[in-house]
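First comes the structure, then the notes that go with it.
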Amino acid sequence: MMKSSRLKVAFIAPGSINHTVKWVNGLVDLDLDVTLVTQHKVEVELDPRVEVINLPITGGLGYLLNAYALNRAIHKIQPDIINVHYASGYGTLALLSCIKPYILSVWGSDVYEFPYQSNFKMWLINRTLCNAEHIASTSHAMASQVCNLLEDKSLDISITPFGVDLTRFKPMRPIFSNNSITVGIVKRLEHKYGVDLLIAAFKLVQEHFSNQANDIPRLILKIVGDGSKEEDLKAQAEALSIASSIDFVGSIDNSQVCEVINDMDIFVVPSRIESFGVSAIEAMACERPCIVANTGGLPEVVSYGKVGLIAKYESVQDIAAKIIYLVEHKVEAQQLAIKAREHVLAHYGNKAALETMHDLYQRFYNEPRL
């Protein structure tokens, strides 16, 4: 029987994550034969053309004990391409299951946080990275981090950024068109995402405008997301006497994100750790001026200051100064927002992201091997 001309892909990744589902659903649209292999429950609707193999053991132990099951799954699929996602979890599983060759896609915390938790984890992440035939990263900054971990600046790492659905993420109203000005963030409420820095900066912004004679509309800070720091952040807002100006929205469904971003006039990503910056790209696609922290992949996303403002790392004062600048220079803010969407249209649409990944698969498949 003749082999199908369609590339057969085994996509080994957490099925519970939106990014995974977006990848596999998009890849089947490019006429790839995709099987998702996962130990996580798939919680977002998959394209019916995507096959799913559920590994039997869930939780952290699954990354160790599912090795035989993964090996058998790969034997059953007989893929042309194996793409393993997340080095510290599924990368460990791939290492133990002895499947080769494969592309390892790093996501963020697997190379920015996990290796620094212990000497053993540093050793393990080096093993998982070295075991891959090829490594892919969502940003140049994270690719540099991988090179640092492996102490090899010459590594050929492919850049495969996440894309956004530009038919969904689009401007629905002009900025500064309401009676109030809303500064916003959509993030998990965890220390690494710096929401506490934004709250402290917002206090400085309010103080600045309270001392001005000019008539500035009411300022609101909209915080969208939940997490372990929620109560601490609410307590911080109370302590700073700005709780009445902060709207803690909580967690929302992914389908609501575009509408919520369009309620904002200025979008801020003050992260302490950020491998890429999907939320910033979504806001830019909605034609919102963005302020990002000078860390990880965030400067890259705003083209190093050309289509967004970059605040100094962990600087409450600089975040506040950037917000004040945009409020006081509305024409410049609007021009920045327009440039931001144009930049996303050119570089970060779903179609471009999927074609980049497809090209990587094709090159990997065509490479001669012993």
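Each number in my numbering comes from the position in the sequence shown (counting from 1) with 26 added on. Backbone N, C-alpha and C define an ideal beta-carbon position, used for all residues, glycine too. All values reported here derive from a predicted model rather than from experimental measurement.
Are the CB atoms of residue j and residue i within a distance shorter than 8 Å?
| i | j | result |
| --- | --- | --- |
| Ile-342 | Leu-223 | The amino acid at residue 342 is misidentified as Ile; the sequence shows Val. For Val-342 and Leu-223, yes; Cβs fall inside 8 Å. |
| Leu-247 | Phe-228 | yes |
| Glu-177 | Lys-126 | no |
| Asn-97 | Ser-131 | no |
| Thr-64 | Leu-81 | yes |
| Leu-181 | Ile-161 | yes |
| Ile-225 | Val-250 | no |
| Leu-380 | Gly-115 | no |
| Asp-291 | Thr-208 | yes |
| Trp-133 | Ser-301 | yes |
| Ser-135 | Ala-93 | no |
| Leu-352 | Ala-359 | yes |
Across which residues does DSSP place residue i in a beta bridge pair?
| i | result |
| --- | --- |
| Ile-246 | Thr-208 |
| His-373 | For His-373, which the question treats as bridged, DSSP gives no partner whatsoever. |
| Cys-316 | Phe-293 |
| Phe-274 | Ile-249 |
| Asn-80 | Thr-64 |
| Lys-34 | Asp-59 |
| Ser-184 | Ala-162 |
| Val-50 | Answer is none; Val-50 lacks a bridge partner. |
| Val-190 | Gly-375 |
Figure out for me which residue from the options has the closest Cα to the Cα of residue i.
| i | options | result |
| --- | --- | --- |
| Ala-366 | Ala-337, Cys-316, Asn-237, Leu-386 | Cys-316 |
| Pro-243 | Ser-135, Gln-65, Ile-350 | Ile-350 |
| Cys-312 | Ile-161, Ala-93, Cys-284, Val-78 | Cys-284 |
| Ala-309 | Leu-380, Asp-191, Met-383, Tyr-219 | Asp-191 |
| Leu-14 | Lys-218, His-217, Gly-220, Leu-245 | Since the first residue shown for the chain is 27 and the last is 396, residue 14 is missing from the structure and cannot be characterised. |
| Gly-41 | Leu-352, His-66, Ala-113 | His-66 |
| Tyr-112 | Gln-104, Ile-103, Tyr-138 | Tyr-138 |
| Val-78 | Ile-100, His-373, Gly-86 | Ile-100 |
| Pro-187 | Val-370, Asp-273, Arg-389, Ile-207 | Val-370 |
| Val-47 | Asp-291, Ile-103, Leu-72 | Leu-72 |
| Thr-193 | Asp-385, Asn-157, Tyr-374 | Tyr-374 |
| Ala-39 | Thr-84, Ile-211, Ser-270, Ala-379 | Thr-84 |
| Ser-254 | Asn-237, Ser-277, Glu-233, Ala-269 | Ser-277 |
| Leu-54 | Gln-262, Val-76, Val-70, Val-304 | The residue you asked about is not Leu; residue 54 is Val in the sequence shown. The shortest C-alpha separation from Val-54 is found at Val-76. |
| Tyr-339 | Gly-220, Asn-145, Val-209 | Gly-220 |
| Asn-288 | Phe-235, Phe-274, Phe-195 | Phe-195 |
| His-45 | Leu-266, Tyr-142, Ser-267, Gly-303 | Gly-303 |
| Arg-389 | Phe-140, Ser-165, Ser-184 | Ser-184 |
| Glu-233 | Cys-173, Gln-360, Leu-266, Ser-206 | Leu-266 |
| Phe-37 | Ile-129, Ile-364, Phe-140 | Ile-129 |
| Lys-332 | Ala-346, Gln-238, Glu-368 | Glu-368 |
| Ile-43 | Asp-279, Ala-169, Ser-206 | Asp-279 |
| Cys-156 | Phe-140, Ser-144, Ala-120 | Ala-120 |
| Tyr-330 | Ile-268, Ser-165, Lys-102 | Ser-165 |
Please return the same chain residues whose Cβ sits closer than 7 Å to the Cβ of residue i, not counting the five positions on each side in sequence.
| i | result |
| --- | --- |
| Tyr-387 | Leu-33, Val-35, Ile-107 |
| Lys-348 | Ile-317, Leu-335, Ala-337 |
| Lys-356 | Phe-202 |
| Tyr-391 | Leu-33, Asp-106, Ile-107 |
| Lys-218 | Ser-297, Arg-298, Ile-299 |
| Ala-167 | Gly-322, Gly-323, Glu-326 |
| Pro-200 | none |
| Ala-378 | Gly-189 |
| Lys-213 | Tyr-219, Val-221, Gly-251, Ser-305 |
| Gln-171 | Val-137, Tyr-138 |
| Lys-179 | Cys-173 |
Between residue i and the rest of its own chain, which residues show a CB-CB distance below 8 Å, the 5 nearest in sequence each way excluded?
| i | result |
| --- | --- |
| Thr-118 | Tyr-89, Leu-90, Leu-150, Thr-154 |
| Ala-306 | Phe-293, Val-295, Cys-316, Val-318, Leu-324, Val-327, Val-328, Gly-334 |
| Met-27 | Note that Met-27 scores 34 on pLDDT, short of 50, meaning its location in the model is unreliable and no value can be drawn from it. |
| Pro-394 | none |
| Ser-31 | none |
| Gln-262 | Asp-222, Ile-225, Ala-226 |
| Ala-57 | Here the sequence assigns Asp to residue 57, which means Ala is not the residue at that position. The residues are Arg-32. |
| Met-273 | In the sequence on display, residue 273 carries Asp and not Met. The answer, listed in chain order, is Ile-246, Leu-247, Lys-248, Ile-249. |
| Asn-205 | Pro-243, Arg-244 |
Ordered along the chain, which non-local residues of its own chain (more than five positions away) have a Cβ less than 6 Å from that of residue i?
| i | result |
| --- | --- |
| Lys-29 | Here the model assigns Lys-29 a pLDDT of 47, short of 50, so the residue's position is not dependable, and the following value carries that caveat. Excluding residues within five positions, none has a Cβ falling inside 6 Å. |
| Val-10 | No answer is possible for residue 10: the residues shown for the chain start at 27 and end at 396. |
| Met-383 | Thr-186 |
| Pro-197 | Cys-312, Glu-313 |
| Asp-59 | Arg-32, Lys-34 |
| Ala-95 | Leu-81, Pro-82 |
Between residue i and chain B, is any beta-carbon pair separated by less than 8 Å?
| i | result |
| --- | --- |
| Thr-186 | No chain B appears in this structure, which consists of one protein chain only. |
- prompt: Which whole runs of the alpha helix (DSSP H) in the region 332 to 376 are 4 residues long or more, in chain order?
  reply: 342 to 354, 356 to 373
- Secondary structure, beta strand (DSSP E): runs of 3+ residues fully inside the region 101 to 138: 107 to 111, 129 to 132
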